Ligand code: TK8
């Protein structure tokens, strides 16, 4: 009798333990670590994504946001997402082109002429989507391409009004072969440097200037240590938005749909915020006493002609794993302008 009672009791305890753990497993949401950047357009879009994905996943996905390069620089966040230390990361494609060569085409000077072209032809087109999806070869799921933006020059001692003004300028650049070739062709003295060192280098005058989109300039207060900005718009840098592929594959189909839907809306929002902040950022830069020089179309044509002398598109395609995607992007952009 006692044995039967004991066995019944044990069964009851095991069943209730199983029920509790099943309930706990059902209720414990998936937590995604997101490593992001310093510009407000992307930071706002991550906030939007986090709100939407929690809603669309029925609360089964929650996120922890680490903006402002807290988890490291673009390259480090990219690697951390490959290994799974970080679940989703955002960063400049130029910073990681040496490890994912198909991104090089985006560094071609004056490849894009407008934001609409970037999103509607570059990012949404077949070539852009194929370049994004190709990151799966590096254990990454390509979630989106966002806007870092059109890059402009800032200097701490010299006003830039023409290409000739670039001659000998010691300009901090990313460690990216296409950027280095383009600036040499334009007459500057490009100096590759880690992003985290840029502010101090500008402040101490160890470089004469740097080049970045306004969102990054203002997000890092470069205007506080610079005297001039020249609106060269010499190239457009996308942000990669990638997820650890193993983590993506571990999710249910419903959770993957929730991420896809939330990311699509967050991408549209990032585009809108980029447009909104661009005007505000110019005002912020000028309010800091940094003169913003708008360049005429004729002068911009001179910048483009000088950059074109390095034939960066060919150089980029020579580096690409799939050069046909670079050519496809160039041809699609040309056709869309006809
Ligand atoms: C900021 C960087 C920056 C990049 C650079 O995270 O290094 O100049 O263009 O935008 O991604």
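In the working numbering, the protein residues as written are 24 to 361.
The beta-carbon is built from N, C-alpha and C at its ideal position, and this holds for glycine as well.
Source: prediction; values computed, not measured.
Item                                                                                                                                                              : Value
Could you give the DSSP three-state label for residue 300: helix, strand or coil?                                                                                 : helix
Tell me, to the nearest whole angstrom, how far the beta carbon of residue 129 is from that of residue 261; I am working on the premise that it is less than 8 Å. : 5 Å
How would you write the range of the beta strand (DSSP E) that residue 214 sits in, first residue to last?                                                        : 212-215
Quick one: Cα of residue 225 to Cα of residue 50, how far?                                                                                                        : 50 Å
Quick check on the DSSP output: what are the complete beta strand (DSSP E) runs of length 3 or more inside the region 71-109, in order along the chain?           : 84-89
Tell me the rounded alpha-carbon separation between residue 189 and residue 180.                                                                                  : 12 Å
Can you tell me the Cα-Cα spacing of residue 317 and residue 154, whole angstroms?                                                                                : 33 Å
Tell me whether residue 239, by its Cβ, gets closer than 7 Å to a heavy atom of the ligand TK8.                                                                   : yes
Would you report the Cα separation of residue 55 and residue 77, rounded to the nearest angstrom?                                                                 : 11 Å
By a C-beta neighbour count over all protein chains shown, 10 Å radius and 16 as the cutoff for buried, is residue 112 buried or exposed?                         : buried
Round the Cβ separation of residue 125 and residue 344 to the nearest angstrom and send it over; I've been treating them as touching at under 8 Å.                : 5 Å
With 16 as the cutoff for other CB atoms within 10 Å, does residue 246 come out buried or exposed?                                                                : buried
Less than 8 Å between the beta carbons of residue 292 and residue 168, yes or no?                                                                                 : no
Out of curiosity, what's the CA-to-CA distance linking residue 228 and residue 195?                                                                               : 11 Å
Tell me whether residue 254 sits in a helix, a strand or coil according to DSSP, three-state version.                                                             : coil
If we ignore side chains and look at the alpha-carbon of each, how far apart do residue 370 and residue 201 end up?                                               : The chain is shown from 24 up to 361; residue 370 falls before or after that span and cannot be answered.
Nearest by alpha-carbon distance to residue 331: which of 172, 273, 134, 140 is it?                                                                               : 134
Nearest by alpha-carbon distance to residue 297: which of 282, 285, 241, 314 is it?                                                                               : 241
What are the boundary residues of the alpha helix (DSSP H) that includes residue 239?                                                                             : 237-242
Report, in whole angstroms, the separation of the C-beta atoms of residue 162 and residue 92, which I expect to be a contact under 8 Å.                           : Residue 162 to residue 92, Cβ: 22 Å. No contact.
Residue 201 lies in the beta strand (DSSP E); which residues open and close that run?                                                                             : First-last for residue 201: 200-208, but that is the alpha helix (DSSP H), not the beta strand (DSSP E).
Grab me the residues of residue 164's own chain with a C-beta within less than 6 Å of its C-beta, minus the 5 sequence neighbours each way, in chain order.       : 266, 268, 271
To which residues of the same chain is residue 83 closer than 7 Å at the C-beta, ignoring the five residues directly before and after it?                         : 52, 53, 278
Mapping DSSP to helix, strand and coil, what is residue 340?                                                                                                      : helix
Is residue 121 near the ligand TK8, judged by its Cβ being under 7 Å from some heavy atom?                                                                        : no
Quick one, which of 79, 312, 69 has its alpha-carbon nearest residue 87's?                                                                                        : 69
Which residues does DSSP list as the beta-bridge partners of residue 167?                                                                                         : 264
Starting from residue 53, follow the beta strand (DSSP E) in both directions and report where the run begins and ends.                                            : 53-58
Three-state secondary structure (DSSP) at residue 232?                                                                                                            : strand
Looking at residue 174: is its Cβ nearer than 8 Å to the Cβ of residue 257?                                                                                       : yes
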